[in-house]
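Heads up, the thing below is written out as structure tokens.
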Amino acid sequence: DTGVSQNPRHKITKRGQNVTFRCDPISEHNRLYWYRQTLGQGPEFLTYFQNEAQLEKSRLLSDRFSAERPKGSFSTLEIQRTEQGDSAMYLCASNRNTEAFFGQGTRLTVV
Amino acid sequence: GEDVEQSLFLSVREGDSSVINCTYTDSSSTYLYWYKQEPGAGLQLLTYIFSNMDMKQDQRLTVLLNKKDKHLSLRIADTQTGDSAIYFCAESPPTDKLIFGTGTRLQVFP
Numbered sequence: 006d007t008g009v010s011q012n013p014r015h016k017i018t019k020r021g022q023n024v025t026f027r028c029d030p031i032s033e034h035n036r037l038y039w040y041r042q043t044l045g046q047g048p049e050f051l052t053y054f055q056n057e058a059q060l061e062k063s064r065l066l067s068d069r070f071s072a073e074r075p076k077g078s079f080s081t082l083e084i085q086r087t088e089q090g091d092s093a094m095y096l097c098a099s100n101r102n103t104e105a106f107f108g109q110g111t112r113l114t115v116v
Numbered sequence: 034g035e036d037v038e039q040s041l042f043l044s045v046r047e048g049d050s051s052v053i054n055c056t057y058t059d060s061s062s063t064y065l066y067w068y069k070q071e072p073g074a075g076l077q078l079l080t081y082i083f084s085n086m087d088m089k090q091d092q093r094l095t096v097l098l099n100k101k102d103k104h105l106s107l108r109i110a111d112t113q114t115g116d117s118a119i120y121f122c123a124e125s126p127p128t129d130k131l132i133f134g135t136g137t138r139l140q141v142f143p
């Protein structure tokens, strides 16, 4: 088991462009979470899936953000019409019981 | 409300003990966690405690939980330079997501 994998590790995009990130959770983990972390802050919850069902979305998740987990395995997070305020580290985590394991994150820079 | 607070910085000498403190607000949290984050990296789960326990020890790490005061602490014995990182506490309310504090930057000097 290689742990939670996120791609890409870094993404630089121009304002207004769309970006998509991918997360591959630990196999057989049925819960998958997305968090956002800005400089000097702790991670903030964005959304979570149990299998393929999206069960909760934070108010931070504006209508420009969409997340999917179509087959209950990997997940994608898409940001449309990126803004400079979207620059952050996007972290994915998965768990099966009590322990949530995090990926290395995707660092997004919007210029 | 959901709010987790930590002091921002802690500086200790190598070999001393470090104590990182955290207060949380959601008394219904079932588990409380400590994560470590090194520069440019994701979060590494260090340890966690069930809310009906008041202490948990795991090698150099000791977690103390005062549920009445909603206070959590992490003690690192014999702190090493490799322990330098940001430490986050997190609570887990019944909604299953994690609520993180702002993190405590631990600096260990020789």
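For the protein sequence lines, the chains are A and B, in the order given.
Each residue of the first sequence is one higher than the one before, counting from 6 in our numbering.
Each residue of the second sequence is one higher than the one before, counting from 34 in our numbering.
The C-beta atom is built at its ideal place from N, Cα and C for all residues, glycine as well.
Residue i touches chain A at which residues, Cβ-Cβ below 9 Å?
i	result
T135 of chain B	G45, Q46, G47
A118 of chain B	Within chain A, no residue comes near A118 of chain B; the closest Cβ sits about 13 Å away, beyond 9 Å.
D91 of chain B	Within chain A, no residue comes near D91 of chain B; the closest Cβ sits about 13 Å away, beyond 9 Å.
Can you pull the chain A neighbours of residue i, defined as C-beta to C-beta under 7 Å?
i	result
G75 of chain B	L96, F107, G108, Q109, G110
F121 of chain B	G47
D59 of chain B	In chain order: nothing, as chain A lies at least about 13 Å away.
L43 of chain B	The contacting residues do not exist; L43 of chain B stays about 16 Å from chain A at best.
K103 of chain B	Per Cβ cutoff of 7 Å: no residues; K103 of chain B is ~17 Å from chain A at best.
Thinking residue i and residue j are a contact (beta carbons under 8 Å), I'd like their distance in whole angstroms, please.
i	j	result
E49 of chain A	R41 of chain A	5 Å
K69 of chain B	L79 of chain B	5 Å
R20 of chain A	E88 of chain A	6 Å
N35 of chain A	I84 of chain A	25 Å between Cβ atoms; not a contact.
S62 of chain B	S125 of chain B	5 Å
A118 of chain B	L94 of chain B	A118 of chain B to L94 of chain B, Cβ: 13 Å. No contact.
K103 of chain B	Y57 of chain B	5 Å
F42 of chain B	G47 of chain A	So it is not a contact: roughly 15 Å between Cβ atoms.
I119 of chain A	V116 of chain A	What the structure shows of chain A is the stretch from 6 to 116, and residue 119 of chain A is not part of that stretch, so it cannot be assessed.
C122 of chain B	V37 of chain B	6 Å
M86 of chain B	L98 of chain B	6 Å
C55 of chain B	L105 of chain B	4 Å
So with CB distances below 8 Å, who are the chain A contacts of residue i?
i	result
D111 of chain B	Simply none; closest approach about 25 Å.
Y64 of chain B	T103
K69 of chain B	Residues of chain A passing the Cβ test: none, with the nearest at roughly 11 Å.
D87 of chain B	Ordered by position in chain A, no residue passes the 8 Å Cβ test against D87 of chain B, which lies about 18 Å from the chain.
L139 of chain B	Under the 8 Å cutoff, chain A gives no residues; its nearest Cβ is about 15 Å from L139 of chain B.
Could you tell me which chain B residues have their CB closer than 8 Å to the CB of residue i, listed as they occur along the chain?
i	result
E104 of chain A	L78, Y81
Please name the residue or residues paired with residue i in a DSSP beta bridge.
i	result
Y38 of chain A	A:Y53, A:A98
I84 of chain A	A:V24, A:F70
T80 of chain B	B:W67
Q109 of chain A	None, per the DSSP bridge assignment.
S92 of chain A	DSSP, once it has assigned bridges, lists no residue as partnering S92 of chain A.
D29 of chain A	A:S10
A74 of chain B	In the DSSP output, where bridge partners are listed per residue, A74 of chain B has none listed.
R93 of chain B	R93 of chain B is not bridged to any residue.
E47 of chain B	DSSP, once it has assigned bridges, lists no residue as partnering E47 of chain B.
V141 of chain B	B:V45
M86 of chain B	According to DSSP, M86 of chain B bridges with nothing at all.
Q46 of chain A	Q46 of chain A pairs with nothing; no bridge assigned.
R64 of chain A	Its beta-bridge partners do not exist; DSSP assigns none.
A123 of chain B	B:Y66, B:F133
A118 of chain B	B:L139
K16 of chain A	A:L113
T56 of chain B	B:E38, B:H104
Q59 of chain A	A:F54
Short-range partners of chain B found in the stretch 47 to 62 of chain A, where Cβ spacing is below 7 Å:
G47, P48, F50, Y53, E61
For the pair the stretch 59 to 74 of chain A and the stretch 46 to 56 of chain B, tell me if three or more CB-CB distances fall below 8 Å.
no
With three or more beta-carbon pairs closer than 8 Å as the criterion, would you say the stretch 90 to 97 of chain A touches the stretch 99 to 116 of chain B?
Per the Cβ contact rule, the stretch 90 to 97 of chain A is not in contact with the stretch 99 to 116 of chain B (fewer than 3 Cβ pairs under 8 Å).
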